[in-house]
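**Q**
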Amino acid sequence: MADTTPGSEAGRLSTASFWQRLPSSGRLFFKFWGGVSLVALLGAIALQELSALHRSGHVPAATLPKVAAGKEQAPVGTASPASAPVQTIVNNGDPDSMFPPPPSGVHAIPAPLPALLEPAPGEPDHSLPKIGADGTSPGKVYAAVVPSVPAGNARIAILLDGFGLAEDLSRTAVLNLPSVVSFAIPAYAPARQSLLNGAREYGHELFLSLPMQPSTAPLDDEGPRALGYDHTTTVDRDNLLWALSRFNGYAGVTNAFSGLDGDAYAQSPDFRMVSKELNSRGLNYLNATPETSWLGPVAGENASITLDTNADSTGVDGQLAHLVTMAKSSGQAIAVAGPMRPVLLDRLAAWSRTLASQGVTLVPVSSLATSAAPVTAPSGLAQAVQISGTAPLPPAPPSFKTPVSPASSAVTETPLEPPASAPSAAPVSASGPAQHNN
Numbered sequence: 001m002a003d004t005t006p007g008s009e010a011g012r013l014s015t016a017s018f019w020q021r022l023p024s025s026g027r028l029f030f031k032f033w034g035g036v037s038l039v040a041l042l043g044a045i046a047l048q049e050l051s052a053l054h055r056s057g058h059v060p061a062a063t064l065p066k067v068a069a070g071k072e073q074a075p076v077g078t079a080s081p082a083s084a085p086v087q088t089i090v091n092n093g094d095p096d097s098m099f100p101p102p103p104s105g106v107h108a109i110p111a112p113l114p115a116l117l118e119p120a121p122g123e124p125d126h127s128l129p130k131i132g133a134d135g136t137s138p139g140k141v142y143a144a145v146v147p148s149v150p151a152g153n154a155r156i157a158i159l160l161d162g163f164g165l166a167e168d169l170s171r172t173a174v175l176n177l178p179s180v181v182s183f184a185i186p187a188y189a190p191a192r193q194s195l196l197n198g199a200r201e202y203g204h205e206l207f208l209s210l211p212m213q214p215s216t217a218p219l220d221d222e223g224p225r226a227l228g229y230d231h232t233t234t235v236d237r238d239n240l241l242w243a244l245s246r247f248n249g250y251a252g253v254t255n256a257f258s259g260l261d262g263d264a265y266a267q268s269p270d271f272r273m274v275s276k277e278l279n280s281r282g283l284n285y286l287n288a289t290p291e292t293s294w295l296g297p298v299a300g301e302n303a304s305i306t307l308d309t310n311a312d313s314t315g316v317d318g319q320l321a322h323l324v325t326m327a328k329s330s331g332q333a334i335a336v337a338g339p340m341r342p343v344l345l346d347r348l349a350a351w352s353r354t355l356a357s358q359g360v361t362l363v364p365v366s367s368l369a370t371s372a373a374p375v376t377a378p379s380g381l382a383q384a385v386q387i388s389g390t391a392p393l394p395p396a397p398p399s400f401k402t403p404v405s406p407a408s409s410a411v412t413e414t415p416l417e418p419p420a421s422a423p424s425a426a427p428v429s430a431s432g433p434a435q436h437n438n
């Protein structure tokens, strides 16, 4: 029998701890994995603390993104979330919007006014525009401020359609384009309210894009709520009221619809119903189909040109140069461009900075879309344009339109330059437009 007395070897082994009885390799094993477990535990605790800080709004300064050169960052404090905002938030306090403050001198567009709204039939969560009890109209209240125009300067207005379809591009347009550039929102757009508020804060007036049946239907489809000349008046009016109630706070309506122009319905006798409805609600109308007219009493104007937004930078620059020529010839011009593309936004921003030296002033669309009847520019001056790259720019035959495929933009397939013998037109007068049928 083994000797287990305290002084013996067996006695020492029987009284030793588990750690002492482990071989050196076993002790190393436990040390290694014990250390790994401790690090993992500490990491989990740290992540939990950071998550709690993030939820409470206390974000450590080291984790904040760097600010682009030339822009100041608001200081980050250590007060409670209620008193220490990390970022400056505009747009009527909408927490989803992170637009920086607009530049000084920008005149913000008012937020939708309850006095200019009425409930949409059967849709208590939506409202329709209306003329106020004192005669105030949405077309005037939500119109952008017109800048001072030097004597002799031509006026150009830009309507950028498709606003709200791509949030990143829409935000870029708000931040980088002059405040006098107008935006058109398709009735189907999933635009967040914060985006619309941001556009207003930056002085951009809004138009609503009505879905209308184009001449290229059924190849091009403007959706289940499109106004169609083969519909009953009741169906078209229901679709119209539905579209008008999707958003609030717009100055006017257009048939420009993300690259389409709904020309078949917009030039049909059925449009008279739309014209009367818009007129009764104090809205302006921009006809996005050059060299055409519309029926009914609504005040508005014709687009002078539609820009091909699929063109490269050279193509866009050529179209904008032609727009300047048109404006100087007739005194004013309106261009419609959509859908938005990164190249278009970049070239528009650069082009806008050159206009003062060319004797041209950018103005809001609403300032030119107030005629009591449409004005048609001389043939060859008002053209719908689609060019690309550095293709030559031959004369464009008037009133020529090529059907497009479903995947293409519904701008017309005509070249850019006007005929060399195109006559010069006198400046357009808002007080003496051509007559049209009511």
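Per the UniProt record's numbering, the very first residue in the sequence shown carries number 1; after that it's consecutive. Even for Gly, the Cβ is constructed at its ideal location relative to N, Cα and C.
#1: Considering Cα atoms alone, identify which of Ala311, Ala327, Val336 and Ala299 is closest to Ser137.
#2: Should Ser194 go down as buried or exposed, given a rule of 16 or more other Cβ atoms within 10 Å for buried?
#3: Counting only the same chain and skipping the five closest in sequence on each side, list residues whose C-beta sits under 6 Å from that of Ala335.
#4: Let me know the secondary structure DSSP gives Thr354 once reduced to three states.
#5: Taking Ser330 as the reference, give the member of Ala303, Gly132, Met212 and Asp134 with the closest Cα.
#6: Tell me, please, which residues DSSP counts as bridged to Val336.
#7: Where does the unbroken beta strand (DSSP E) through Asp125 begin, and where does it stop?
#8: Would DSSP call Ala184 helix, strand or coil?
#9: Taking the straight line between their C-alpha atoms, what separation do you get for Gly359 and Ser148?
#10: For Ser148, which of helix, strand or coil comes out of DSSP?
#11: With 16 as the cutoff for other CB atoms within 10 Å, does Gly105 come out buried or exposed?
#12: Would Ser275 and Leu128 be called neighbours here (beta carbons separated by less than 8 Å)?
#13: For the beta strand (DSSP E) containing Asn279, list its first residue and its last residue.
#14: Nearest CA to the CA of Leu113: which residue from Pro124, Asp346, Gly139 and Pro101?
#15: Leu348: buried (16+ other C-beta within 10 angstroms of its C-beta) or exposed?
#16: Can you list, in chain order, the residues of its chain whose CB lies under 7 Å from that of Phe271, leaving out five sequence neighbours each side?
#17: Output the boundary residues of the alpha helix (DSSP H) element that contains Gly198.
#18: Among residues of its own chain, excluding the 5 on either side of Gly282, which ones have a beta-carbon nearer than 6 Å to its beta-carbon?
#19: Please report the straight-line C-alpha distance between Leu240 and Arg192, rounded to a whole angstrom.
#20: Is it buried or exposed, Leu345, if we count other Cβ atoms within 10 angstroms and call 16 or more buried?
#21: Would you mind reading off the limits of the beta strand (DSSP E) that contains Val360?
#22: Assign Glu291 to one of three DSSP states: helix, strand, or coil.
#23: Out of curiosity, what's the CA-to-CA distance linking His126 and Glu118?
#24: On the DSSP bridge list, what partners appear for Leu206?
#25: Assuming contact is defined by CB atoms lying nearer than 8 Å, are Arg155 and Ala327 in contact in what I supplied?
#26: With a 10 Å radius around its C-beta and 16 neighbouring C-beta atoms as the bar for buried, classify Trp33 as buried or exposed.
#27: Terminal residues of the continuous beta strand (DSSP E) containing Ser117?
#28: Ignore the nearest five residues each way along the sequence and tell me which others in residue 440's own chain have a CB closer than 8 Å to its CB.
#29: I'd like the list of long-range same chain contacts for Ala430, defined as Cβ closer than 7 Å, with 5 residues on each side in sequence excluded.
#30: Sort Asn284, Pro339 and Ala151 by Cα distance to Phe257 and report the nearest one.
#31: Report yes or no: do the stretch 173–182 and the stretch 200–212 share at least 3 C-beta pairs separated by less than 8 Å?
#32: So is Leu368 buried or exposed if we call it buried at 16+ other beta carbons inside 10 Å?
#33: Could you give the first and the last residue of the continuous alpha helix (DSSP H) run that contains Thr314?
#34: Where do the N-terminal and C-terminal ends of the beta strand (DSSP E) with Val298 fall, by residue?
#35: If Asp168 sits next to Ala184, beta carbons under 8 Å apart, how far is it from one beta carbon to the other, in whole angstroms?
#36: Could you tell me how far apart the beta carbons of Ala288 and Thr309 are, in whole angstroms, since I believe they sit closer than 8 Å?
**A** Answer, in terms of the structure:
#1: Ala299
#2: buried
#3: Ile158, Ile305, Leu307 and Leu323
#4: coil
#5: Ala303
#6: Leu159 and Thr306
#7: Glu123 to Pro129
#8: strand
#9: 13 Å
#10: coil
#11: exposed
#12: no
#13: It is not in any beta strand (DSSP E) - Asn279 instead sits in the alpha helix (DSSP H) that spans Phe271 to Ser280.
#14: Gly139
#15: buried
#16: Tyr265, Trp294, Leu295 and Gly296
#17: Gln193 to Glu201
#18: Ile131, Ser137, Pro138 and Gly139
#19: 21 Å
#20: buried
#21: Val360 to Leu362
#22: coil
#23: 9 Å
#24: Phe183
#25: yes
#26: exposed
#27: At residue 117 the sequence reads Leu, which differs from the Ser that was named. Leu117 to Ala120 is the span of the beta strand (DSSP E), which, as asked, contains Leu117.
#28: In the structure as shown, the chain starts at 1 and stops at 438, and residue 440 therefore has no counterpart that could be examined.
#29: Unreliable positioning characterises Ala430 in this predicted model, as indicated by a pLDDT of 37, which lies under 50. The coordinate reading is nonetheless provided below. So the qualifying residues of the chain are Thr370 and Ser371.
#30: Pro339
#31: yes
#32: buried
#33: Ser313 to Ser330
#34: Careful: Val298 lies outside any beta strand (DSSP E) and carries neither H nor E.
#35: Not quite, the Cβ-Cβ distance comes to about 18 Å (not below 8 Å), so this is no contact.
#36: Incorrect: roughly 13 Å between the Cβ atoms, too far for contact.
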